[in-house]
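Novice:
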Amino acid sequence: MSNSPENILHPQLELSIVVPIYNEEGNIDRLHSELTEALAATGRDYEVIAINDGSQDGSYDLLNAVQARDPRWHVIHFRRNFGQTAAIAAGFDAARGEIVVTIDADLQNDPRDIQRLLDKFAEGYDIVSGWRQDRKESLFLRRIPSALANRLISRSTGVKLHDYGCTLKAYHFDVVKGIQLYGELHRFIPALARQMGVRVAEIPVKDRARQWGSSKYGFSRTFKVVLDLIVVVFILSYFNRPLYVFGAAGFLVGGIGTLLGAYLTVFKLLTENKIGDRPLLQLAALLMVLGVQFVSTGIVADMIMRTYHESQRKPIYFVRERRRSQPEQAGSERETA
Ligand code: UDP
Ligand code: MG
71 MSNSPENILH PQLELSIVVP IYNEEGNIDR LHSELTEALA ATGRDYEVIA
121 INDGSQDGSY DLLNAVQARD PRWHVIHFRR NFGQTAAIAA GFDAARGEIV
171 VTIDADLQND PRDIQRLLDK FAEGYDIVSG WRQDRKESLF LRRIPSALAN
221 RLISRSTGVK LHDYGCTLKA YHFDVVKGIQ LYGELHRFIP ALARQMGVRV
271 AEIPVKDRAR QWGSSKYGFS RTFKVVLDLI VVVFILSYFN RPLYVFGAAG
321 FLVGGIGTLL GAYLTVFKLL TENKIGDRPL LQLAALLMVL GVQFVSTGIV
371 ADMIMRTYHE SQRKPIYFVR ERRRSQPEQA GSERETA
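If you're matching positions, the sequence shown starts at 71 in the working numbering and goes up one per residue.
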């Protein structure tokens, strides 16, 4: 790896499991034993990253106890509750595995399904999403809003999934390192990752009733999801060059305004009619001003994107694979030449 560019991150083990935890004291021991069993069965070299999202119950001590007896567990304690997306983002930042799997701590997902995600992953996908079958949650408060949201998200982002809300998903290392999360955006990762050119698959997974405690969300989440969706659609469509989008609208509107103005000018010159009282003149002027507005908004948006890319060193491309001949060891380079 010595000759790799320094800014390229490399995975250091096969598998990272990311678990967001908020007041789940009754689930932690069982989570540890079920995960340990399921992960041992995969035969992979793994780590579990548990993010304690500011729990106020006994989760803190229980997680520390698990970590003390199992070195494969890393525990990150937040200072306060920052939300599931932030917890997942912290897990992604810390993850070192080539495949990163997110899973809920309440055991609604079955850790044994991880193996099935990995099998699908091996077929050459970058994201494998769980699709919960036979959902146990309430029909009206959860399943119907969720079905509608999934339709809407699939339609508007072009990445068709039946179950965006299922936390059990597997991602390639490059995907988790290349994505910036905030708000409630974790559920949109497959859509956000579209611009990286990822291959996404979906497999049915088991849904179980929550083992202990109660859900941290209510119906109000649906509204947040819809608002986040608007942001996601914006990010996806205007991302690199907002000027192209605003500029196109500006030229269209301004062009129509200019044509109308030209028509009125010719009309006046040729027929000696007055045009000062014609509504069409106002429309022409309005459209020309709007056109200029659109183009200048586009330029401003473009400059914001430029700042964003440069200040955060966001890549403008994503690599699937790099191949190059590697010298066996430093010094033996010449032998193969
Ligand atoms: N969670 C979290 N921070 C929060 C809310 C939830 O880390 O602010 C965790 C929670 O402990 C669980 C997962 O996110 O592991 C999913 O939460 P929950 O089961 O309440 O959501 P639901 O399954 O009802 O959608
Ligand atoms: Mg749950």
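Note that beta-carbon positions come from the ideal geometry of N, C-alpha and C, so glycine has one too.
With H, G and I counted as helix, E and B as strand and the rest as coil, what does DSSP make of Arg278?
Specialist: Looking at Arg278 - three-state DSSP - the assignment turns out to be coil, as it is neither helix nor strand.
Novice: Would you call the CB atoms of Glu207 and Glu84 closer than 8 Å?
Specialist: No.
Novice: State the DSSP-derived secondary structure class of Lys247, mapped to helix, strand or coil.
Specialist: In the structure shown, Lys247 sits in a helix (DSSP, three-state: H, G or I).
Novice: Just grab the DSSP bridge partners of His144 for me.
Specialist: Ile119.
Novice: Once DSSP output is grouped into helix, strand and coil, what is the label at Arg139?
Specialist: Here Arg139 sits in helix by DSSP.
Novice: Taking 7 Å as the line, does the beta carbon of Asn220 fall inside it for any heavy atom of the ligand UDP?
Specialist: Asn220: no, Cβ never under 7 Å from the ligand UDP.
Novice: On the three-state DSSP scale, how would you describe Ser86?
Specialist: Ser86: strand per DSSP, three-state reduction.
Novice: Please list, in chain order, all residues of the same chain as Tyr378 whose beta carbon is under 7 Å from its beta carbon, the five residues on each side excluded.
Specialist: Only Lys384 meet the Cβ criterion.
Novice: Is it buried or exposed, Glu405, if we count other Cβ atoms within 10 angstroms and call 16 or more buried?
Specialist: At Glu405, the pLDDT of 46 sits below 50, so the modelled position is not reliable; the number obtained from the coordinates is stated separately. Exposed: under 16 other Cβ atoms inside 10 Å.
Novice: Determine the DSSP secondary structure at Gln265, reduced to helix, strand or coil.
Specialist: Three-state result, Gln265: helix.
Novice: So what does DSSP say about Val229, is it helix, strand or coil?
Specialist: Correct three-state label for Val229: coil.
Novice: Within the same chain, show all residues whose beta-carbon is closer than 8 Å to that of Gly325, passing over the 5 residues directly before and after it, in chain order.
Specialist: Once the five neighbours on either side are set aside, the close Cβ partners of Gly325 are Gly361.
Novice: Compute every distance between the C-beta of Pro90 and the non-hydrogen atoms of the ligand UDP, then say whether any falls below 7 Å.
Specialist: Correct: Pro90 has its Cβ closer than 7 Å to the ligand UDP.
Novice: For Ala219, collect the residues of the same chain with a Cβ closer than 6 Å to its Cβ; drop the 5 residues on either side in sequence, then sort them by chain order.
Specialist: Cβ neighbours of Ala219 beyond the five flanking positions: Val295.
Novice: Which residue wins for smallest C-alpha separation from Leu262, given the options Val145, Leu211, Ala160 and Leu306?
Specialist: Nearest of Val145, Leu211, Ala160 and Leu306 to Leu262, Cα basis: Leu306.
Novice: Distance, Cα to Cα, Val118 vs Val275?
Specialist: Rounded to the nearest angstrom, the two C-alpha atoms are 20 Å apart.
Novice: Going along the chain, which residues of its own chain have a beta-carbon closer than 6 Å to the beta-carbon of His54, five neighbours each way excluded?
Specialist: Residue 54 falls outside the range modelled here, since the chain spans only 71 to 407, and no answer is possible.
Novice: What would DSSP say about Val370, mapped onto helix, strand or coil?
Specialist: DSSP places Val370 in helix when its eight states are reduced to three.
Novice: Buried or exposed: Val268, going by 16 or more other Cβ atoms within 10 Å of its Cβ?
Specialist: Its Cβ being crowded by 16 or more others within 10 Å, Val268 is buried.
Novice: Kindly give me the distance between the Cβ atoms of Gln281 and Asn134, rounded to whole angstroms, as I take these residues to be in contact under 8 Å.
Specialist: Not quite, the Cβ-Cβ distance comes to about 21 Å (not below 8 Å), so this is no contact.
Novice: Between Thr367, Ile259 and Ile87, which lies nearest to Tyr308 when the distance is taken from Cα to Cα?
Specialist: It is Thr367.
Novice: Which residues in the same chain as Phe152 place their Cβ atom closer than 7 Å to its Cβ, once the five residues preceding and following it in sequence are excluded?
Specialist: Same-chain partners within the cutoff: Asp123 and Gly124.
Novice: Just to check my reading of the structure: Gln185 and Thr112 have Cβ atoms closer than 8 Å, yes? What is that Cβ distance to the nearest angstrom?
Specialist: Indeed they touch by this definition, with Cβ atoms about 5 Å apart.
Novice: Just tell me which of Ala175, Ala240 and Val301 has its CA closest to the CA of Gly253.
Specialist: It is Val301 whose Cα lies nearest to the Cα of Gly253.
Novice: Please report the Cβ distance between Tyr234 and Ile223, rounded to the nearest whole angstrom; I am assuming they are in contact, meaning their Cβ atoms lie under 8 Å.
Specialist: About 5 Å separates the two Cβ atoms, so the contact holds.
Novice: Sorry if obvious, but does the Cβ on Asp123 come closer than 7 Å to a heavy atom of the ligand MG?
Specialist: No, the ligand MG has no heavy atom inside 7 Å of this Cβ.
Novice: Using 8 Å for Cβ pairs, my map puts Ile146 next to Ala164. What's the rounded Cβ distance?
Specialist: About 7 Å separates the two Cβ atoms, so the contact holds.
Novice: Assuming Glu107 is part of the beta strand (DSSP E), what are its boundary residues?
Specialist: Where Glu107 is concerned, there is no enclosing beta strand (DSSP E), although the alpha helix (DSSP H) it sits in stretches over Ile98 to Thr112.
Novice: Once you ignore the five residues that flank Phe345 on each side, which residues in its own chain have a CB closer than 7 Å to its CB?
Specialist: It should be noted that the sequence gives Ile, not Phe, for residue 345. Hits under 7 Å: Leu334, Phe337, Lys338 and Leu351.
Novice: Does His80 pass the burial test, meaning 16 or more other C-beta atoms within 10 Å, or should it be called exposed?
Specialist: His80 is exposed by the Cβ-count criterion.
Novice: Take the Cβ of Ile173 as the centre, count every other Cβ of all protein chains shown within 10 Å, and call the residue buried at 16 or more, exposed below.
Specialist: So Ile173 ends up on the buried side.
Novice: With DSSP as the reference, please indicate the residues paired to Glu342 in a beta bridge.
Specialist: For Glu342, which the question treats as bridged, DSSP gives no partner whatsoever.
Novice: Report the partner residues of Ile169 according to the DSSP bridge assignment.
Specialist: Paired residue(s): Leu85 and His242.
Novice: Nearest CA to the CA of Pro181: which residue from Phe321, Ile87, Gln126 and Leu340?
Specialist: Residue Ile87 is the option with its Cα nearest to Pro181.
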